[in-house]
Amino acid sequence: MRAADIRLDHFLWEFQDGVATITFHRPERKNPFTFESYAELRDTFERLRRVEEVKAVVLTGAGGNFCSGGDVHEIIRPLLDMDVRGKLAFTRMTGELVVAMRHCPQPLIAAVDGVCVGAGAVVAAACDLRLGTPRARVAFLFNRVGLAGSDMGACALLPRIVGLGRAAELLYTGREMSGEEAERWGFFNRLVAPEALLEEARALARQLASGPTFAHAMTKRMLHKEWDMSLDEAVESEAQAQALCMLTRDFGRGYEAFAQRRPPEFRGD
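Position 118, counted from 1, in the sequence shown is what this note's numbering calls 143; the numbers after and before it change by one each time, with no gaps.
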């Protein structure tokens, strides 16, 4: 499959210079998810595992907001009428989106402006890097509709980003973080002006796309796998991973560039 073959019904798709941009595009509702868009996004990340020309992915939202989570009327209201099997099928499907994102080998960058709440906040947390703006507002507000903070893997993802105590506060209270607080707590890697957000995110994505992409994929894989490893297991697993990277042509290119005092030209093989 090629990047040009990807067609999305619920999101905007752009591809240039090795970087794909996925834009959540329901600006009149602050870009909420529906049953169908959840599934399409999950399927997209599963497909991207086989699209080698895509080297990095930027996720962003239209209309000055990132994502307002699951659509209250199109998701929460129908869920009230479902039996337990239907409810479990839905929660498993939304979790599959996060799993697909973490198993997608490309680095994922969230470009977050405005509202980033509920499932939108979890999707941002599932990305590898997050750029925000001072006007961004982040909240894991599941408790506001009588649900646990343990949604889509939030209890696994968020403590690893901001720490256990801070994650517990956000998940128990559902309160909102400002952009400045989100950066201070480590949720955002950095803040940029709203008008520069998308270009900053794409510039970072292009930087990663021009790097040793096989090695980047290995870094992402090890960050994911080592969550539940002992130190001994992690060190051995990294030894094996690094030995595989030493078999790539990019390893030789990196050495040659260093020896010749010039920038390396990586090709991902």
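The C-beta atom is built at its ideal place from N, Cα and C for all residues, glycine as well.
Distance between residue j and residue i (C-alpha atoms, nearest Å)
i: lysine 245; j: valine 97; result: 33 Å
i: glutamate 206; j: alanine 144; result: 20 Å
i: tyrosine 63; j: leucine 272; result: 38 Å
i: threonine 238; j: phenylalanine 291; result: 8 Å
i: glycine 277; j: arginine 286; result: 14 Å
i: arginine 200; j: proline 288; result: 45 Å
i: glutamate 281; j: leucine 182; result: 38 Å
i: aspartate 294; j: alanine 268; result: 14 Å
i: alanine 266; j: arginine 169; result: 43 Å
i: leucine 33; j: valine 260; result: 40 Å
i: leucine 122; j: alanine 284; result: 43 Å
i: alanine 228; j: cysteine 180; result: 31 Å
i: methionine 254; j: glutamate 53; result: 44 Å
i: glycine 279; j: glutamate 78; result: 21 Å
i: alanine 193; j: histidine 249; result: 21 Å
i: arginine 215; j: threonine 198; result: 24 Å
i: glycine 190; j: leucine 196; result: 10 Å
i: proline 184; j: glycine 204; result: 18 Å
Which residues DSSP lists as bridging residue i, in chain order
i: cysteine 141; result: Cys92 and Val163
i: leucine 134; result: Rather than leucine, the amino acid found at residue 134 in this sequence is isoleucine. DSSP, once it has assigned bridges, lists Val83 and Leu154 as partnering isoleucine 134.
i: valine 44; result: Gln41 and Ala81
Beta-carbon spacing of residue i, residue j below 8 Å
i: isoleucine 134; j: alanine 87; result: no
i: serine 235; j: glutamate 251; result: no
i: valine 217; j: glutamate 225; result: yes
i: proline 132; j: aspartate 108; result: no
i: valine 147; j: glycine 178; result: yes
i: alanine 125; j: phenylalanine 58; result: no
i: lysine 230; j: aspartate 275; result: It should be noted that the sequence gives alanine, not lysine, for residue 230. Not closer than 8 Å, so no.
i: methionine 118; j: arginine 72; result: no
i: histidine 128; j: arginine 75; result: no
i: alanine 242; j: proline 130; result: yes
Contact set for residue i: own chain, Cβ-Cβ below 8 Å, skip 5 residues either direction
i: leucine 37; result: Thr46, Ile47, Thr48, His50 and Ala87
i: aspartate 138; result: Thr85, Gly86, Gly89, Asn90, Phe91, Gly157, Thr158, Arg160, Ala161, Pro219 and Leu222
i: aspartate 42; result: Arg231 and Ala234
i: valine 44; result: Val79, Lys80, Ala81, Val82, Val83, Arg227, Ala230, Arg231 and Ala234
Close beta carbons around residue i, own chain, < 7 Å, minus the five adjacent residues each side
i: leucine 104; result: Lys112 and Phe115
i: alanine 173; result: Phe167
i: glycine 95; result: Pro57, Phe58, Ile101, Gly143 and Ala144
i: alanine 149; result: Phe91, Ala135, Val137, Cys141 and Arg155
i: isoleucine 186; result: Ala150, Gly211 and Phe212
i: glycine 120; result: Met177 and Gly178
i: methionine 247; result: Ser262, Glu263 and Ala266
Contacts around residue i, its chain only, beta-carbon distance under 6 Å, and the 5 residues preceding and following it disregarded
i: phenylalanine 213; result: Arg155, Gly157 and Ala207
i: lysine 55; result: Asn90, Ser93 and Val140
i: glutamate 99; result: Thr59
i: phenylalanine 40; result: Ala28
i: isoleucine 31; result: Trp38
beta-carbon residue i near the ligand SAM non-hydrogen atom, thresh 7 Å
i: aspartate 106; result: Absent from the structure shown: the ligand SAM. Ligands present: none.
Subject >> Segments of 3+ residues assigned as beta strand (DSSP E) that fall wholly inside the segment 155 to 188 >> reply: 162 to 164
Subject >> Completely contained alpha helix (DSSP H) runs for the segment 60 to 102, where each covers 4 or more residues >> reply: 60 to 73
**OP:** Scan the segment 198 to 272 and note each continuous beta strand (DSSP E) run of 3 residues or more that stays entirely inside, going in chain order.
**Re:** Counting whole runs of 3 or more residues, the segment 198 to 272 contains the beta strand (DSSP E) stretches 201 to 203.
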